[in-house]
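There are 2 protein chains.
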Amino acid sequence: MKPIKVGLLGMGTVGSGTFNVLKRNQEEIQRRAGRGIEITMVADLDVARAQALVGEGVQVVGDARAVIANPEIDIVIELIGGYGIAKALVMEAIAAGKHVVTANKALLAVHGTEIFAAAQAKGVMVAFEAAVAGGIPIIKALREGLTANSIQWVAGIINGTTNFILSEMRDKGLDFGVVLKEAQRLGYAEADPTFDIEGVDAAHKVTLMSAIAFGIPVQFDKAYVEGITKLGAADIKYAEQLGYRIKLLGITKRTAQGIELRVHPSLVPTQRLIANVEGAMNAVMVQGDAVGTTLYYGKGAGSEPTASAVIADLVDITRLHTADPLNRVPHLAFQPGAMSNLAVLPMAEVVTSYYLRLRVADQAGVLAKLTGLLADAGISIDAVLQREADQVSQAGENQTDVIILTHDTREGTLNEVLAQMQALPTVMAPIVRIRKEELN
Amino acid sequence: MKPIKVGLLGMGTVGSGTFNVLKRNQEEIQRRAGRGIEITMVADLDVARAQALVGEGVQVVGDARAVIANPEIDIVIELIGGYGIAKALVMEAIAAGKHVVTANKALLAVHGTEIFAAAQAKGVMVAFEAAVAGGIPIIKALREGLTANSIQWVAGIINGTTNFILSEMRDKGLDFGVVLKEAQRLGYAEADPTFDIEGVDAAHKVTLMSAIAFGIPVQFDKAYVEGITKLGAADIKYAEQLGYRIKLLGITKRTAQGIELRVHPSLVPTQRLIANVEGAMNAVMVQGDAVGTTLYYGKGAGSEPTASAVIADLVDITRLHTADPLNRVPHLAFQPGAMSNLAVLPMAEVVTSYYLRLRVADQAGVLAKLTGLLADAGISIDAVLQREADQVSQAGENQTDVIILTHDTREGTLNEVLAQMQALPTVMAPIVRIRKEELN
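Going line by line, the protein sequences match chains D and S. Residue numbers 17 to 456, in our numbering, belong to the letters of the first sequence in order. Residue numbers 17 to 456, in our numbering, belong to the letters of the second sequence in order.
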């Protein structure tokens, strides 16, 4: 059988990794796929640089549309990124009857519904294993490996930059700003790290996992997104003393009321494997009703790990593109006509547990007042850590930290209590609130 | 489209789990698969008991051949186990043109080559996700998710019974025999635990993973198999002091000389995630040249976790059975005509590192003699731990433990040195040798 021909848009880090891995392992990949897979055309704005990377045998053009227009190309890999030109090119490739492989989580999390519908109508596949957790085959696990299960929740460390920063903060007892600068110096954080540190990148990824896990449309606009920029070394230390580590988790959960979809720093029990995922590594936990808890771990970014996922998609398409579309794996795991209409819950309706740190005047009755407010709202306390008085304020008053771990409660209820606590004259600083996930 | 019809052979723990999960989640599974999947016929020697489990709507027979002979059945699930009648039934089901799903690792590790060839010739699939690591979709990850990679090695905790025993030995400082009895009482070990504790079950599983990872035939007879029955609490404690845990690992590795295929207790650095997999849980690490190190974790046994894998295979077959056989995923990941002829290495040719514990007379020059023998053979030492003299022998002589960690060496070379050491008059007891894997 003659090789399947692939056009590659964007010869950046992942693009060159994909080209190199496919070339290095071409014999082994062909022995698996039963057919050769060749990148025969590449589009990049810097034609000369791209040509130098791929060598003379491959046609390099500056105009991505020339790749899409090439009738010999069966599959288009989109590695440009972003919502702009990338979206137009993906839609045009679909319209031209090409299968598409993309690592573009932002594009799919925001415009996935439109893109998947167009692909479905045209009878082509849009594959996106590389969009979530790099080389870890988590999309395949969720969409095929765990297909017997009613999935209960998914929780993952799905942004390497923030996990690197949190690992360093804990290891070295440093604050966020210092570690961010180090991460930028080492190449773990970009010059503009906003999408990573504010949780947006993780929210793109968990939005895609949520859709696949529960059969709902991609709804990035409904995700709750909170980053790690406000985390201090003190909270990481207190959490450690209480038996927890702080990780930025993307979480999606099925409840009787609807779907939870949220990204925020979370306390996780130290004995969980995921609490021990350090540096820039990623890990995703999936809880299914039959299988129980499973975990998938690996590199979540980088040239060749991401290329590993891109090429796995190429092989899948090579295998399935001659098959009846009805026999393919649906884009969002569920058949297009059988999606769920479960709504994404507003954050106030989410039920979870909390770590609270309050800077209080070291006076008799303060703790009783605080715990009384929680009790009045029906919120149970799991643990309290009260520090010795450690600082004398300008008014000559002793201050101390009180840490409270709550049991599960509705976030809206907790917000009301936090407002009451904050208004107390004995509460001397903004209350720190970090969510806590037991993940069992 | 009318439902695909499934016949189930063997209504034991996994059989009833499969029936129950398929029934409980039938609506959700159909929404994914695009087609209903129904177990319409069950064979079990205890017809009355099986009928009570499945209810009146399902036909229950005592003769498995009646299921295979039923022209309405598309897929046969074999959950009988063992090499005997199970093999005959699987071969007959294939001959009858049925697709087969099995959890029978023993059968496939020993007779896989014959079975897969028959299936290939007949154009049917034999799916076996449930045969390795229960509900963890490791077969799918190796065969599809990591298909871009030249896989370097696979190492896994793939037997829950032995991992439970090792976890308890470490936790409670108890010896093997005591913990085995406890495991049997709790249902983690069978009345005859030989296959588990002697490493045979793990060897069946790693044999299958080896074939898939490297495209070689299944060759259980070439596997090196060593169980955990000789492990003592002392070695677990010493390993801990040196920064290691002892796990029973199934390991397969590609080297320039050939394929390593082995099961034995192994020291693993405590900071590796896999060293922290406790109790009856399973985990498999896979190292690929592009993706780097990945890990897959979950329940490796039990009714519903194993059912999760059986049903995932049912869905895969439901999707692919109308497709051209050339477009399906090959049984052993590589196309039947493109398998490798890399040989499995004898254990003497394996290169790894070692933990040695020697009971020696507490005399001057003993350590120099031991390390001299290693140096003469070109074996480097990584660490030495010498204990205070702790016991006076009957001859009135002080004895002590010397622990030596070596760097990588050929096992055949080490064996020669061990024979020399054992012959020394100052070595007072059989030398304990445990292999050590850095897994990085």
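In this text, a Cβ means the ideal position worked out from N, Cα and C, and glycines have one as well. Given the structure is predicted, the values throughout are model-derived calculations rather than measurements.
**OP:** Starting from residue 252(D), find everything on chain S with Cβ-Cβ shorter than 8 Å and list it in chain order.
**Re:** Counting from 1 along the first sequence, the entry for residue 252(D) is found at position 236. Correct list: empty, because the minimum Cβ distance to chain S is about 19 Å.
**OP:** Answer yes or no: do residue 307(S) and residue 151(D) have a C-beta to C-beta separation smaller than 9 Å?
**Re:** Along the second sequence, read from residue 1 onward, the residue named residue 307(S) stands at position 291. Along the first sequence, read from residue 1 onward, the residue named residue 151(D) stands at position 135. Yes, these two residues count as a Cβ contact at 9 Å.
Subject >> Cross-chain neighbours of residue 47(D) in chain S, by beta carbon under 7 Å >> reply: Counted from its first residue, the first sequence places residue 47(D) at position 31. Per Cβ cutoff of 7 Å: 231, 350, 351 and 354.
Subject >> Secondary structure of residue 260(S), DSSP reduced to three states >> reply: By one-based count along the second sequence, residue 260(S) stands at place 244. It is a strand residue.
Subject >> Residue closest to residue 424(D), alpha-carbon to alpha-carbon, out of 445(D), 436(D) and 396(D) >> reply: Position 408 of the first sequence holds residue 424(D). Among 445(D), 436(D) and 396(D), the Cα nearest to that of residue 424(D) is on 396(D).
**OP:** Taking a Cβ distance cut-off of 9 Å, strictly less, list which residues of the stretch 328-345 of chain D are near chain S, in chain order.
**Re:** 328, 330, 331, 332, 334, 335, 336, 337, 338, 339, 340, 342, 343, 344 and 345
**OP:** Step through the CB atoms of chain S and report whether any lies within less than 9 Å of the CB of residue 17(D).
**Re:** Here residue 17(D) refers to the residue found at position 1 when the first sequence is read from its first residue. True, the Cβ-Cβ gap to chain S drops below 9 Å.
**OP:** Under 9 Å between beta-carbons, which chain S residues line up against residue 147(D)? List them in chain order, please.
**Re:** As a first step, residue 147(D) must be located in the first sequence, where it is residue number 131. Residues of chain S passing the Cβ test: none, with the nearest at roughly 14 Å.
Original post:
At least one CB of chain S closer than 9 Å to the CB of residue 357(D): is that the case?
Top reply: Taking the first sequence and counting its residues from 1, the one referred to as residue 357(D) is at position 341. Chain S, which has no Cβ nearer than 9 Å to the Cβ of residue 357(D), makes this no.
Original post:
Can you tell which of 257(D), 296(D) and 186(D) has its C-alpha closest to the C-alpha of residue 248(D)?
Top reply: Numbered from its first residue, the first sequence carries residue 248(D) at position 232. Ranking the options by Cα distance to residue 248(D), first place goes to 186(D).
Original post:
How is the beta strand (DSSP E) around residue 285(S) delimited, first residue to last?
Top reply: Translated into the one-based positions of the second sequence, residue 285(S) becomes position 269. Residue 285(S) -> beta strand (DSSP E) spans 275-285.
Original post:
In the DSSP assignment, what are the bridge partners of residue 369(S)?
Top reply: Taking the first residue of the second sequence as position 1, residue 369(S) is located at position 353. Residue 369(S) is bridged to 452(S).
Subject >> Every unbroken beta strand (DSSP E) within the stretch 335-408 of chain S, with a cutoff of 3 residues, ordered by chain >> reply: 367-377 and 397-402
Subject >> First and last residue of the uninterrupted beta strand (DSSP E) at residue 168(S) >> reply: Taking the first residue of the second sequence as 1, we reach residue 168(S) at position 152. Residue 168(S) -> beta strand (DSSP E) spans 167-173.
**OP:** Using only alpha-carbon positions, find the residue among 436(S), 454(S) and 455(S) that is nearest to residue 446(S).
**Re:** As a working mapping, residue 446(S) is identified with position 430 in the second sequence. Of the listed residues, the one whose Cα sits closest to residue 446(S) is 436(S).
Subject >> Start-to-end residues for the beta strand (DSSP E) that takes in residue 420(D) >> reply: Stepping through the first sequence from its first residue, residue 420(D) is reached at position 404. It spans 414-422 - the beta strand (DSSP E) in which residue 420(D) sits, taken as one unbroken run.
**OP:** Note down, one range per segment and in chain order, each beta strand (DSSP E) of at least 3 residues found wholly within the stretch 84-140 of chain D.
**Re:** 91-94 and 115-118
**OP:** Using a Cβ-Cβ cut-off of less than 7 Å, list which residues of the stretch 73-90 of chain S approach chain D; keep chain order.
**Re:** none
Subject >> Residues of the stretch 122-156 of chain S with Cβ closer than 7 Å to any Cβ of chain D, in chain order >> reply: 151, 152, 153 and 156
Subject >> Cβ-Cβ separation, residue 28(D) to residue 95(D) (assumed contact under 8 Å), whole Å >> reply: Start at 1 with the first residue of the first sequence, and residue 95(D) comes out as number 79. Start at 1 with the first residue of the first sequence, and residue 28(D) comes out as number 12. About 6 Å; that satisfies the 8 Å criterion.
Original post:
Could you give the distance in angstroms between the alpha-carbon of residue 317(D) and the alpha-carbon of residue 217(D)?
Top reply: Working through the first sequence from its first residue, we reach residue 317(D) at position 301. Working through the first sequence from its first residue, we reach residue 217(D) at position 201. So the alpha carbons of these two residues sit roughly 12 Å apart.
**OP:** Kindly list, in the order they appear in chain S, the residues whose Cβ is closer than 8 Å to that of residue 324(D).
**Re:** Taking the first sequence and counting its residues from 1, the one referred to as residue 324(D) is at position 308. Chain S residues near residue 324(D): 162, 164, 165, 304, 306 and 307.
Subject >> C-alpha distance - residue 471(D) paired with residue 189(S), whole-angstrom precision >> reply: Only positions 17 to 456 of chain D appear in this structure, which leaves residue 471(D) out of reach.
Subject >> Min CB distance residue 321(S) to chain D below 9 Å >> reply: One-based indexing of the second sequence puts residue 321(S) at position 305. By this cut-off, residue 321(S) is an interface position.
**OP:** Give the straight-line distance between the Cα atoms of residue 328(D) and residue 120(D), rounded to the nearest whole angstrom.
**Re:** For this step, residue 328(D) is matched to residue 312 along the first sequence. For this step, residue 120(D) is matched to residue 104 along the first sequence. Taking the straight line joining both Cα atoms gives about 16 Å.
Original post:
Since residue 453(S) meets chain D, which of its residues come closer than 8 Å, beta carbon to beta carbon?
Top reply: Translated into the one-based positions of the second sequence, residue 453(S) becomes position 437. Ordered by position in chain D, no residue passes the 8 Å Cβ test against residue 453(S), which lies about 17 Å from the chain.
Original post:
Tell me which same chain residues have a C-beta within less than 6 Å of the C-beta of residue 265(D), skipping the five on either side of it?
Top reply: Locating residue 265(D) in the first sequence gives position 249, where the first residue counts as 1. Only 171 and 282 meet the Cβ criterion.
Original post:
Would you call the stretch 105-120 of chain D and the stretch 37-57 of chain D in contact, with 3 or more CB pairs under 8 Å?
Top reply: no
Subject >> C-alpha gap between residue 50(S) and residue 315(S), whole angstroms >> reply: Along the second sequence, read from residue 1 onward, the residue named residue 50(S) stands at position 34. Along the second sequence, read from residue 1 onward, the residue named residue 315(S) stands at position 299. Computed Cα separation, rounded: 28 Å.
Original post:
Does the distance from the CB of residue 161(S) to the CB of residue 452(D) come in under 9 Å?
Top reply: Stepping through the second sequence from its first residue, residue 161(S) is reached at position 145. Stepping through the first sequence from its first residue, residue 452(D) is reached at position 436. No, Cβ-Cβ distance for residue 161(S) and residue 452(D) is not below 9 Å.
**OP:** Go ahead and label residue 400(S) buried or exposed: buried means 16 or more other beta carbons lie within 10 angstroms of its beta carbon, across all protein chains shown.
**Re:** To locate residue 400(S), count along the second sequence from 1; it is residue 384. When all chains shown are included, residue 400(S) counts as exposed.
Subject >> Residues that residue 269(D) contacts on chain S, provided the C-beta gap is smaller than 9 Å >> reply: Walking along the first sequence from the start, residue 269(D) turns up at place 253. Neighbours of residue 269(D) on chain S: none; closest Cβ ~16 Å, over 9 Å.
Original post:
Looking at the C-beta of residue 44(D), does it have a partner C-beta in chain S at a distance below 9 Å?
Top reply: One-based indexing of the first sequence puts residue 44(D) at position 28. Yes, residue 44(D) lies at the interface with chain S (some Cβ there is under 9 Å from its Cβ).
**OP:** Could you tell me the distance, in whole angstroms, from the CA atom of residue 376(S) to the CA atom of residue 287(S)?
**Re:** Position 360 of the second sequence holds residue 376(S). Position 271 of the second sequence holds residue 287(S). Each residue's alpha carbon lies about 31 Å from the other.
Original post:
For the 8 Å Cβ check, are there 3 or more pairs between the stretch 340-354 of chain S and the stretch 226-237 of chain S?
Top reply: yes
Subject >> Identity of the residue in 221(D), 164(D) and 113(D) nearest residue 482(D) by Cα >> reply: Beyond the ends of chain D as shown, which are 17 and 456, falls residue 482(D); an answer cannot be given.
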